Amino acid sequence: MKKYLLIILLLFSGRILASEFDEAFDLSARGFEKQANKVTLYFNSAIELDLDYQQQELGLIASSMLAMEKEFEQSPVFWFVKGLHAKNMASHFKQRGNDAELSRWLDLKTKYYQRAMQLDKINQPHLSAASYAAMKPGLPPSLKQRAIEMELNLGGNGENDSYYWYLHWSNINELQKQKLFDQADAALQRMKQELEVSDQSDVFESMVKTIDTELREMKLSSTNKQKKPNKKALPAVRDHQAFTEEQAEDKYYQYLTLVGLIMLVIIVLLLLFELKRRKNK
Amino acid sequence: MDLIKNKMVAKSGLLVVLFVLQSNSIVSANQINELNVITSADPDSNKAHSFIYVKNGLSIPQGIKKSSASSFLHLQIPFVLDLPVDLKPDEKIQWTIKTKSDYVGSVNILSKFSFKNIKKTKGSIWFTDFINSSVSERERLVFRPKPAKHQAPIYKKGRSGNGKRRKYGGGTRRIDHKFFNPRLSYQVKAVVRGSDGKKQQYTAKIEMDNKDLVRQEYILHYGINRYGRGGYGNLPVPFREELTLIPDMPEHLLGKALSESRYGLMIDDGLTSLAFNVVALYEKSKKTYQKSSRKFLDLKNKPLPIPKSELWLSGGWRNPERNEWYSNALNGIHQRGGAVDIVANEPHNDSRSAIVYWFLWTVLNEQNKLSAFWQLETNGRPMTTREFKEDIEPANGIPDAFDKADHMHINIKYD
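Those protein sequences? They're chains R and Z, same order as listed. Okay, so the first sequence: first residue is 1 according to the numbering used here, each after it adds one. Okay, so the second sequence: first residue is 282 according to the numbering used here, each after it adds one.
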């Protein structure tokens, strides 16, 4: 029954579908609206179709997007939609318990989002804050931080002022986790400057203090860790002993060589002495 | 074309000269007195010389709180300004209405005497000649506001392109340059000129106060068309007494968002006590877990740390203009004063915030002491049931719903 209800929904609610993607991500998917809307419906709602039917539906979307790939290969929005779809596929295979396919689709998702972000630097229509917010979960650290930073640059997609400042915190936190402390420092300075000119510095003062403290502690702990492994990596006694043994061995051979050379010189001198004595005879 | 333009400029210039000449001696007026003013049938609004504006033919429900008795708002009474003294037959009177903003639009004069209008760079001036005793009821000025239309006939969430999204805070920061949230204001002046040439000035300022400004936002959003999905605006307009001052924040709750607006007002239909109860449950449960041997386990049965951080209130009462800018929910409960948004005071999309959301979710579900509805949200949408089951983005032993959450929305139950 649910299956048929959804089919009816997909077929007849043109008004809903027409605005699904646009409304969710503040973006236009001109040329591939139908696919984008269906992908969004799967992405944003709990679809309760039976798995075989779901796979068939998702497969149809995937093949129709594949057919369009050449036409839209330079569109960041197209690759963003492909990433969303890859996430939908990953969810599907998670439900099926197929770990290999799950992993493959998650990798594809990352690849597609990465492509979308790369193209966003040059091509229009540019991605929105809402699309960056949708991309960031589960990405590798540097890509996740990039998505957060881009969302931040676009003003965030929250329902209130707090969201924006928490986005700053997320950005700094991701940089910290990658030990990019200089960049984290710069991001914190940017946050402070923005807060200063806002009318909310008193409200978010405590947040800035927490971030500041965390950053300093992580820096310190990282510096200490860097120092500690050096000591461990150079187990002073063992390395020193090894060094001494080698030195001793070297000296032994040097000594032997020296003795050998002296003996050779003595032999040569003895030979010369003998030759001279025989001549004199 | 140029001739018409020149004629208009000349006419306008002449009117300015005429007005200045007539008003010049005001400088030497003896004393400034106040006009008697009626601006609203609502006694409280009238006392503040404030008002709301409802279009003729509209009927809008009022009384927004769950327990409020509902009634209907119709066309408002016109402004009535009376001279506090009787005029002598040889005295003349000149009326002037001045506005400083284009938002005000025009006025609809109901008095029998005629007005001339000068359009200024910002705002307008309407004024009469000096009226003699042949005109009846010249001591009384009656007019209605006829404001410019609300700029947005369609409810549309603010766009985020070019980093411009945060420039508009929902009308309440008064930085809006797109005609949202107009505060209608009129300065009215009556100059009485005696037969000896002496002048006496009477003034009044009619202006929407904050309470009526908020109510006007509700009026302007009633029946507004939803962009994309959903119905139309259908929230009742609050009574003035439903708008109250902002109380202190509950203990152990960070942020200052019981009211998200800058009006210094809010509608509290239970949101403050809701926030208080949520925080109390959360804090109590934290202590209970810390004291007992009970562990908070992840999906792989590994113990998770009990959160140390306090909760942050990111959303409370939201005025309609602000709601339109930030929210997809046209008739969202934040505008009723019955909802709070709670945020983990940790960096978002991090396991630390995920643990806080999961813990809070668990506490609210296990305790089940709140007569409320709650949902986790991300990116302007509620989490799906699938995201509560999945652990793939990232696979960290915490359901994805909590990893992705950017706030928890909690509201009192409405029928």
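From the three backbone atoms N, C-alpha and C, an ideal C-beta is built for every residue, glycine too. Quantities reported herein were computed from a predicted structural model and do not represent experimental measurements.
Are the Cβ atoms of residue i and residue j separated by less than 9 Å?
i	j	result
valine 637 of chain Z	serine 590 of chain Z	yes
arginine 697 of chain Z	arginine 464 of chain Z	Outside the modelled stretch of chain Z, which goes from 282 to 696, sits residue 697 of chain Z, for which no answer is possible.
lysine 374 of chain Z	glutamate 315 of chain Z	Sequence inspection shows isoleucine at residue 374 of chain Z; the lysine mentioned does not correspond to that position. No, these two residues do not count as a Cβ contact at 9 Å.
phenylalanine 25 of chain R	serine 128 of chain R	yes
isoleucine 345 of chain Z	arginine 617 of chain Z	yes
aspartate 371 of chain Z	serine 414 of chain Z	yes
alanine 133 of chain R	glycine 156 of chain R	yes
asparagine 389 of chain Z	arginine 425 of chain Z	yes
valine 624 of chain Z	aspartate 687 of chain Z	yes
leucine 501 of chain Z	valine 469 of chain Z	no
isoleucine 691 of chain Z	alanine 635 of chain Z	no
tryptophan 639 of chain Z	tryptophan 655 of chain Z	no
proline 359 of chain Z	leucine 339 of chain Z	no
tryptophan 598 of chain Z	glutamate 647 of chain Z	no
arginine 543 of chain Z	leucine 611 of chain Z	no
leucine 354 of chain Z	isoleucine 333 of chain Z	yes
Quick check: the Cα distance between residue i and residue j, rounded to an integer number of angstroms?
i	j	result
asparagine 677 of chain Z	lysine 192 of chain R	32 Å
serine 222 of chain R	arginine 216 of chain R	10 Å
threonine 453 of chain Z	serine 574 of chain Z	Caution applies to threonine 453 of chain Z, whose pLDDT of 46 falls short of 50 and renders its modelled position unreliable; the value that the coordinates give is listed next. Taking the straight line joining both Cα atoms gives about 49 Å.
proline 517 of chain Z	serine 348 of chain Z	13 Å
serine 142 of chain R	glutamine 178 of chain R	8 Å
glutamate 196 of chain R	leucine 526 of chain Z	27 Å
isoleucine 172 of chain R	methionine 530 of chain Z	28 Å
proline 675 of chain Z	aspartate 684 of chain Z	8 Å
alanine 64 of chain R	methionine 89 of chain R	Strictly speaking, residue 64 of chain R in this sequence is serine, with alanine absent from that position. If you take the alpha carbons of serine 64 of chain R and methionine 89 of chain R, they lie about 15 Å apart.
alanine 310 of chain Z	proline 601 of chain Z	Bear in mind that a pLDDT of 47 at alanine 310 of chain Z, under 50, signals an unreliable position, so the model cannot answer this.
proline 528 of chain Z	lysine 438 of chain Z	29 Å
isoleucine 487 of chain Z	aspartate 383 of chain Z	16 Å
lysine 581 of chain Z	histidine 533 of chain Z	31 Å
serine 331 of chain Z	proline 519 of chain Z	15 Å
lysine 279 of chain R	phenylalanine 273 of chain R	10 Å
leucine 275 of chain R	valine 268 of chain R	10 Å
glycine 97 of chain R	lysine 109 of chain R	18 Å
phenylalanine 21 of chain R	tyrosine 42 of chain R	11 Å
lysine 336 of chain Z	lysine 34 of chain R	41 Å
tyrosine 436 of chain Z	glutamate 23 of chain R	12 Å
leucine 592 of chain Z	isoleucine 148 of chain R	22 Å
proline 342 of chain Z	alanine 184 of chain R	52 Å
alanine 682 of chain Z	alanine 329 of chain Z	49 Å
phenylalanine 72 of chain R	asparagine 160 of chain R	35 Å
Sort out for me which residues DSSP pairs residue i with in a bridge.
i	result
serine 466 of chain Z	Z:Glu488
threonine 377 of chain Z	Z:Phe408 and Z:Lys470
asparagine 398 of chain Z	Z:Trp407
glutamine 656 of chain Z	Z:His690
glutamate 315 of chain Z	Z:Thr484
proline 342 of chain Z	Z:Phe353
Closest to residue i by CA distance: which of the options is it?
i	options	result
lysine 381 of chain Z	Z:Pro428, Z:Leu585, Z:Leu422 and Z:Pro370	Z:Pro428
tyrosine 467 of chain Z	Z:Ile500, Z:Asn649 and Z:Trp376	Z:Trp376
isoleucine 47 of chain R	Z:Tyr695, Z:His688 and Z:Arg667	Z:Arg667
aspartate 549 of chain Z	Z:Ala610, Z:Ile500, Z:Asn604 and Z:Ile614	Z:Ile614
glycine 138 of chain R	Z:Asp687, Z:Val473, Z:His690 and Z:Ile673	Z:Ile673
glutamate 174 of chain R	R:Ser131, R:Leu51, R:Met218 and R:Lys94	R:Met218
threonine 210 of chain R	R:Gln183, R:Lys225 and R:His168	R:His168
glycine 386 of chain Z	Z:Phe394, Z:Ser392, Z:Ile406 and Z:Gly597	Z:Ile406
lysine 369 of chain Z	Z:Gly597, Z:Met664 and Z:Glu418	Z:Glu418
glycine 59 of chain R	R:Val39, R:Asp161 and R:Lys227	R:Val39
tryptophan 79 of chain R	R:Asn280, R:Ser28 and R:Leu41	R:Ser28
lysine 650 of chain Z	Z:Ala561, Z:Gly619 and Z:Leu585	Z:Ala561
tyrosine 483 of chain Z	Z:Ile693, Z:Val318, Z:Glu671 and Z:Ala682	Z:Val318
leucine 364 of chain Z	Z:Pro324, Z:Ala471 and Z:Val559	Z:Ala471
arginine 662 of chain Z	R:Ser45, R:Lys34 and R:Glu33	R:Ser45
tyrosine 166 of chain R	Z:Thr659, Z:Tyr695, Z:Pro680 and Z:Pro628	Z:Pro628
isoleucine 587 of chain Z	Z:Tyr563, Z:Ala610 and Z:Glu605	Z:Tyr563
arginine 633 of chain Z	R:Asp202, R:Phe181 and R:Ser170	R:Ser170
leucine 494 of chain Z	Z:Leu546, Z:Lys537 and Z:Lys430	Z:Leu546
methionine 68 of chain R	R:Leu51, R:Ala36 and R:Glu57	R:Ala36
Under a Cβ-count criterion, where at least 16 other Cβ atoms within 10 Å of its own Cβ denotes burial, should residue i be classed as buried or exposed?
i	result
threonine 257 of chain R	exposed
serine 566 of chain Z	buried
leucine 594 of chain Z	buried
leucine 152 of chain R	buried
serine 75 of chain R	buried
isoleucine 262 of chain R	exposed
Examine the ligand NAP and report whether any of its heavy atoms sits within less than 8 Å of the Cβ of residue i.
i	result
leucine 494 of chain Z	In the structure shown, the ligand NAP is absent, as is every other ligand, since no ligand is present at all.
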